[in-house]
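Under our numbering, read the sequence shown as residues 5 to 146, first letter to last.
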Amino acid sequence: MGTWDTGPFDNDTAADFTDTLDDAKPAEREALIRGVLTRTVDATGWLTEGEEAVAAAALIAAQCLGGDPIDTRFGPAEPMPAFSDDLRMLADQALARIISDEAGPASNWVDPEGWKRWRANLNRLRTVLAPPSPSIPLFDVE
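So, in structure tokens, the structure goes:
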């Protein structure tokens, strides 16, 4: 069937990835997510795991302040562990790599409006994943 909608789990590849997560032992799930994100960030040429990386980023964003819960039947059925904080930046980097790759997952969209919605969803995930700006005092108050 391929891709049927613009959400992070709305394609066969992402749905298969969530099945892999469900089949893994709970202690192995974070490593699977870290692996797909790292391979996406480090990839040269074709992004073979772009759809999986989007799903992984959505799972991480769901645990962040402002993140949307995963409430699709194509997401994992099993609970995810509390992810390490460093995965937020890795997920954001993977999404940046996916968005910038014209020949990767973005090329799946025939309908320009679908592509725009998909890209907006990725940018929304990036907004949630972006680490908060450090507070830098402009002056000392005593």
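Note that CB positions come from ideal geometry on N, CA and C, so glycine has one too.
Please state the DSSP three-state secondary structure of Thr52.
Here residue 52 refers to the residue found at position 48 when the sequence shown is read from its first residue. Looking at Thr52 - three-state DSSP - the assignment turns out to be coil, as it is neither helix nor strand.
Could you pull out every unbroken alpha helix (DSSP H) segment of at least 4 residues lying fully inside the stretch 6–51, listed in chain order?
16–27 and 33–46
Taking the alpha-carbon positions, what's the Ile102 to Ala28 distance?
Along the sequence shown, one-based indexing puts residue 102 at 98. Along the sequence shown, one-based indexing puts residue 28 at 24. When rounded, the distance between both Cα atoms is 25 Å.
For Ala134, collect the residues of the same chain with a Cβ closer than 7 Å to its Cβ; drop the 5 residues on either side in sequence, then sort them by chain order.
Locating residue 134 in the sequence shown gives position 130, counting from the first residue. Cβ neighbours of Ala134 beyond the five flanking positions: Asp96.
Less than 8 Å between the beta carbons of Phe78 and Phe13, yes or no?
Residue 78 sits at position 74 when you count from the first residue of the sequence shown. Residue 13 sits at position 9 when you count from the first residue of the sequence shown. Cβ distance < 8 Å, so Phe78 and Phe13 count as in contact.
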